[in-house]
Amino acid sequence: MTTNYKKRIALNGGAAAAEALKQIEPDVMAVYPITPQTTIIETFAKFKADGEVATEVIEVESEHSAMSACVGSSAAGARTVTATSSQGLALMNEILYIASGMRLPILMVVSARALSAPLNIHGDHSDVMGARDTGWIQIFSENAQEIYDNTIIGMKLAEKVKLPVMAIMDGFNTSHCVENLEMLTTEQVKEFVGEFAPEKYLLDIANPVSFGPVALQNSYFEFKVQQEQVMDKVAREYLKIAKEFEKLTGRKKDFFETYQTEDAQEIIVLAGSTAGTTKDVIDRMRKHGKKVGLIKMSLFRPFPRKELLVALKNAKSVAVMERAISPGTYPPIYQDIMTGLFQAGETKNMQSIIYSLGGRDIFAKDIEKIFDDLQTGKITKEIKYIGVSN
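Residue 66 in the working numbering is what sits at position 71 of the sequence shown, and the numbering runs on without skipping anything.
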């Protein structure tokens, strides 16, 4: 495989994802527009209209139908992709469980966005966090480069483990923000992803099979246990594919990225585009002798609990910043980390923080104050809400 090719180009996150999908050239893409995802399917539809891909683009009447079309297409043996956001992902919810339960390797790019009501078209993680228990693999991206990379990695991973994958970016902050990125050649992408050769599919008439049959009390439980067992193997396969991708591109991929954590006493954990601002804050604070660091989540489902605890072992205080609420309890990443700490018999000074719901801006000064509060012991068992007016 040819390596070290670097084509630098300026694209927003939506266009970057569309370019990756173009290079993959799936057999089928089911499409239905919703802000801020629409740039992905618009760009891909133009590729189709211009004859640049042979993909069958299916225009449907809703996101529920889009995922239903994906299920039928993938079960029939076609490499299948789609994209959605917010209410669209929520409308797909019924079919998300079917896609994972049938072990279908569908790739879906998600521009994460707030959920109604009240109506809001801007970014947060409410939609994807609401889908975290649907059996889909979830990979978060910080910027246009990462959504390009994760779209390609996600396709290969889905087909390797036979589970659907969400490649996630922040709505608007990433989907509509133009940034420089390095692209592979189409030949490199096709070689990396490989040919799709499903072992079992509905149109293999010589070897007839059923997908999603009735499973009663004597078998349903076993189906679900097996589904969980394969999810346990995802992390290992993800790392293998990440190593292949690093060899091809020079870009390191892991369960999460650590930034200045080796000697950090205070660490922020988060996912998505806010990582960039946080790194800038860390650089400034380090110049003043403050030992602060960042862990940026990439692979969220399955959750890399053991590896994350190792990365946090030297920290005295940790703030988990999230762009989603779990009404009545703590938000998702905080819950997962606290569970890991409890199981390991460890304790940390932990602060749960919710920020930037509905696309509200968060500033460098806000992040600096979070670090300052960790350093001075201003930690509570209650959730802190950043930037909320009285």
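Note that the Cβ used here is the ideal one computed from N, Cα and C, for glycine as well. It should be emphasised that the depicted structure is a prediction, and the values quoted were computed from it without experimental measurement.
Taking only beta-carbon positions, decide if residue i is within less than 8 Å of chain C.
i	result
Y143	Among the chains in the structure shown there is no chain C, since it carries only a single protein chain.
Would you check if the distance between the CB atom of residue i and the CB atom of residue j is smaller than 8 Å?
i	j	result
E276	I362	Per the sequence shown, residue 276 should be read as Val rather than Glu. In contact: V276 and I362 (Cβ atoms closer than 8 Å).
F135	I90	no
S347	Y325	yes
A25	V55	yes
W235	F187	For the record, residue 235 in the displayed sequence is Lys; it is not Trp. In this structure, F187 does not lie closer than 8 Å to K235 by Cβ.
L304	G340	no
A15	F39	no
In this structure, what does DSSP give as the bridge partners for residue i?
i	result
G288	I262
T77	A25 and M103
S312	E261 and N344
F386	Summary: the structure shown does not reach residue 386, with the chain confined to residues -4 through 385, and so no result is reported for it.
I134	A162 and L294
V52	M24
E317	I349
Taking only three categories from DSSP, how would you classify residue i?
i	result
V400	Residue 400 is absent from the structure shown; the chain starts at -4 and stops at 385.
A192	coil
S95	helix
A5	strand
Y350	strand
T253	strand
V123	helix
N175	strand
E377	coil
E47	coil
Y329	helix
S404	Coverage of the chain is limited to positions -4 through 385, which leaves residue 404 absent and any answer about it impossible.
When the Cα atoms are used, what is the spatial distance from residue i to residue j?
i	j	result
R355	I148	30 Å
A270	K291	6 Å
A44	G9	18 Å
K185	R74	13 Å
K247	F240	8 Å
N385	A314	23 Å
E182	Y233	22 Å
I19	D368	46 Å
C172	A139	8 Å
T34	M345	38 Å
G284	F366	13 Å
D165	T30	12 Å
A230	P297	7 Å
E194	A359	50 Å
S312	Q370	8 Å
P299	I328	11 Å
L102	G372	43 Å
Checklist entry - Where in the stretch 201 to 260 do unbroken runs of the alpha helix (DSSP H), each at least 4 residues long, occur, reported from the N-terminal end onward? => result 215 to 244
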